[in-house]
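The sequence shown finishes on residue 404 if you use the numbering used here, and the numbering steps up by one all the way, no holes.
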Amino acid sequence: MSFEDEFAQALRGAVALAPEPGLHTLAAAAQRRGRRRRNQRRALAVSGLAAVLVVAVSLTAVVGGGSHAARPATEPVRPMTAEESVGLFTSLLPPGKSRVLFAATPAEAGPNGDRYQTGGTVLFDDGKGESMISYTVSRTELTPEAGAVCMDGFSEPQEACERAVDTDGSALVVDKLKDRNSDSHREWRATWAAPDGRRVTIIEHNGQPATPNRENPPLDAEQLRALVTAPAWARLFDALPARDTAPKPPTPEPGPKAEDLLAALVPLLPPGAVPSGQDGRNGPHLTVTYEGRTSMLSVSVTEPGERGVKDKEYAEAEGSAGPLAVRERRPDGSTVVTNMFGNGKTAVDPVLHWAAAVHYADGRAIEINEWNGENGYTFRPGNPALGVDQLKAIVTAPVWLR
Numbered sequence: 003m004s005f006e007d008e009f010a011q012a013l014r015g016a017v018a019l020a021p022e023p024g025l026h027t028l029a030a031a032a033q034r035r036g037r038r039r040r041n042q043r044r045a046l047a048v049s050g051l052a053a054v055l056v057v058a059v060s061l062t063a064v065v066g067g068g069s070h071a072a073r074p075a076t077e078p079v080r081p082m083t084a085e086e087s088v089g090l091f092t093s094l095l096p097p098g099k100s101r102v103l104f105a106a107t108p109a110e111a112g113p114n115g116d117r118y119q120t121g122g123t124v125l126f127d128d129g130k131g132e133s134m135i136s137y138t139v140s141r142t143e144l145t146p147e148a149g150a151v152c153m154d155g156f157s158e159p160q161e162a163c164e165r166a167v168d169t170d171g172s173a174l175v176v177d178k179l180k181d182r183n184s185d186s187h188r189e190w191r192a193t194w195a196a197p198d199g200r201r202v203t204i205i206e207h208n209g210q211p212a213t214p215n216r217e218n219p220p221l222d223a224e225q226l227r228a229l230v231t232a233p234a235w236a237r238l239f240d241a242l243p244a245r246d247t248a249p250k251p252p253t254p255e256p257g258p259k260a261e262d263l264l265a266a267l268v269p270l271l272p273p274g275a276v277p278s279g280q281d282g283r284n285g286p287h288l289t290v291t292y293e294g295r296t297s298m299l300s301v302s303v304t305e306p307g308e309r310g311v312k313d314k315e316y317a318e319a320e321g322s323a324g325p326l327a328v329r330e331r332r333p334d335g336s337t338v339v340t341n342m343f344g345n346g347k348t349a350v351d352p353v354l355h356w357a358a359a360v361h362y363a364d365g366r367a368i369e370i371n372e373w374n375g376e377n378g379y380t381f382r383p384g385n386p387a388l389g390v391d392q393l394k395a396i397v398t399a400p401v402w403l404r
């Protein structure tokens, strides 16, 4: 392997130590706002293998007679070197050879400035070829409700996800993800999160992200559970400083709930349109069939405020949308934007997305996006169920202002 390839892999390991937002907060905000940005501005998501996924997990568990006992210290109880840290990790792996790509020194602030998190990345060879495995150990400010959750199967290809809560309040997640752009790549994650904020995350691939060499990653689900909940992680927690504040439950996302948005949307569909999946359990989107065509709709509402005012200014600016965008400034100060675009901000051949939005002077906004696909990452060409004029009629309906 060339030096450039080795260095790139080491960088992926470093990305594993990026700051970790609360997953529920991230999911709620990104689902409404991030997906809207992605669709509206044409920035379609890149590979599901993005190393930032490493950040999205956390774990804290107790197995057998061992426990990860929290220590009320502001400095590490027992410091460790990077070599000792990654050595502890490799000692927990099944028989095989490990080649270290990256290892952080616990309690030393890395590029992200976080002393409460450490980790590393190795290439593990069990005799069937090398596979990339990363570990992250951290003292977070997250409760298990936010620290250990399944990825959104609507937004990320997913084979399966299991989540279990122990009697001590800790949560354990095993999430088996696929790749949006590669049918052969697999990324499996295990996360353990404790009520006091301790978390362990393991992410493994079936080979290396760009070059799978087997059907599944080397560790099966049971091995992942055992690895992420091993009592030996207590030694690494001792090498991290304790936080001054206790974890707090995630703050609910402001604004209407997904089921309320869909309940308002369905009556606004054209007569004869048949909706499905409008219970809101998987987010503010549904499937609609109309005149023999079937598409997916996603709706979002931004409450009045400074954020929405800035969104309005952006929507009115030249260059904020592609060549098929149409802007209409109304006497009440609102701006309506309809748009059609493909795989990119200025792409129009083929058209893959249809959208309409109304931005009011006080920052309130109603937006609806449409695409041909059964989830949030599949986009197919072809005529949509509803045209942009019908989408425009939906977002400008008075019901959204009540």
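Glycine is no exception: its CB is placed at the ideal position from the N, C-alpha and C atoms.
Using 8 Å for Cβ pairs, my map puts Leu125 next to Met134. What's the rounded Cβ distance? With a Cβ gap of about 6 Å, Leu125 and Met134 count as contacting.
In or out: Val350 buried (at least 16 other Cβ within 10 Å) or exposed? Here Val350 is exposed. Its C-beta has fewer than 16 other C-beta atoms within 10 Å.
Going by alpha carbons, who is nearest to Met153 out of Glu132, Val139, Val175 and Gly171? Shortest Cα-Cα distance from Met153 to any of Glu132, Val139, Val175 and Gly171 involves Val175.
In chain order, which continuous runs of the beta strand (DSSP E) of length 3 or greater are located wholly inside the stretch 304-362? Runs of the beta strand (DSSP E) inside the stretch 304-362: 328-331, 337-343 and 355-361.
Of all the options Val139, Pro258, Gly274 and Asn385, which has the alpha carbon lying nearest to the alpha carbon of Asp116? Selected option, being the one with the closest Cα: Val139.
Just curious, the beta strand (DSSP E) that Lys225 is in, first and last residue? For the sequence presented, residue 225 should be read as Gln rather than Lys. For Gln225, no beta strand (DSSP E) encloses it; the enclosing alpha helix (DSSP H) starts and ends at Ala223 to Val230.
Assuming Leu125 is part of the beta strand (DSSP E), what are its boundary residues? From DSSP, the beta strand (DSSP E) with Leu125 extends over Gln119 to Asp127.
Enumerate, from N- to C-terminal direction, the unbroken alpha helix (DSSP H) stretches of 4 or more residues contained entirely within the stretch 360-400. DSSP assignment within the stretch 360-400 yields the following whole alpha helix (DSSP H) runs of 4 residues or more, N-terminal first: 390-397.
heavy atom of the ligand FAD below 7 Å from Arg188 C-beta: For the ligand FAD, the structure offers nothing, since it holds no ligand at all.
Three-state secondary structure assigned by DSSP to Thr92: Residue state for Thr92 is assigned as helix, using DSSP reduced to three classes.
Cα-Cα separation between Lys180 and Ala317, rounded to whole angstroms: Looking at the two C-alpha atoms, the distance is approximately 34 Å.
I want to know whether the stretch 327-343 touches the stretch 301-312 - three or more CB-CB distances under 8 Å. Cβ pair count under 8 Å is below three, so no.
For Ala173, count neighbouring C-beta atoms within 10 Å of its own C-beta (all shown protein chains included) and say buried if the count is 16 or more, exposed if not. Buried is the call here.
Considering just the uninterrupted stretch of the alpha helix (DSSP H) at Arg237, what are its terminal residues? The continuous alpha helix (DSSP H) containing Arg237 extends over residues Trp235 to Asp240.
Alpha-carbon to alpha-carbon, Thr296 and Phe381: Roughly 12 Å separates the two Cα atoms.
Answer with buried or exposed for Glu158, where buried requires no fewer than 16 other C-beta atoms within 10 angstroms of its C-beta. In the assembly as shown, Glu158 is a buried residue. Its beta-carbon has 16 or more other beta-carbons within 10 Å.
Restricting to Cα atoms, I'd like to know which of Cys163, Tyr292, Trp402 and Pro400 is closest to Asn374. The residue with the shortest Cα to Cα distance from Asn374 is Tyr292.
Cut-off 6 Å between Cβ atoms - residues of its own chain near Leu393, not counting five sequence neighbours on either side: The answer, listed in chain order, is Ala358 and Ile370.
Neighbourhood of Pro277 by C-beta, 6 Å cutoff - its chain only, sequence neighbours within 5 removed: The residues are Val268, Leu288 and Val290.
For Asp128 and Arg101, I'd like the C-alpha separation in whole angstroms. In a straight line, the C-alpha of Asp128 is about 12 Å away from that of Arg101.
Own chain partners of Gly282 with C-beta closer than 6 Å, once the 5 adjacent residues on each side are dropped: Hits under 6 Å: Ala260, Glu261 and Leu264.
Opposing strand residues paired with His287 [DSSP bridges]: Ser300, per the DSSP bridge assignment.
Between Arg188 and Asn215, how many whole angstroms is the CB-CB distance? I'm expecting something under 8 Å. Their Cβ separation, rounded to whole angstroms, is 11 Å, which puts Arg188 and Asn215 out of contact at 8 Å.
CA-CA distance, Gly346 and Lys99? Each residue's alpha carbon lies about 43 Å from the other.
Using DSSP with H/G/I as helix, E/B as strand and the rest coil, what is Gln42? Its pLDDT being 36, under 50, Gln42 is placed unreliably in this model, and the value from its coordinates should be taken loosely. DSSP places Gln42 within a helical segment (H, G or I) once states are collapsed to three.
Once you ignore the five residues that flank Asn377 on each side, which residues in its own chain have a CB closer than 6 Å to its CB? The residues are Phe156.
For the beta strand (DSSP E) containing Leu174, list its first residue and its last residue. Ala173 to Lys180 is the extent of the beta strand (DSSP E) around Leu174.
Using CA coordinates, which residue listed in Leu403, Glu77, Glu110 and Asp185 is at the minimum distance from Ala266? Ranking the options by Cα distance to Ala266, first place goes to Leu403.
Need the endpoints of the beta strand (DSSP E) that Pro277 sits in, please. Run containing Pro277: Val276 to Ser278, per the beta strand (DSSP E) assignment.
Tell me the residue span of the beta strand (DSSP E) that contains Leu103. Per DSSP, the continuous beta strand (DSSP E) segment holding Leu103 begins and ends at Lys99 to Ala105.
Give the DSSP bridge partners of Gly115, in chain order. None; Gly115 has no bridge partner.
Span of the beta strand (DSSP E) around Ala192: Ala192 -> beta strand (DSSP E) spans Arg188 to Ala195.
Short Cβ contact (8 Å threshold) for Ala162 with Lys178: Yes, the Cβ-Cβ distance between Ala162 and Lys178 is below 8 Å.
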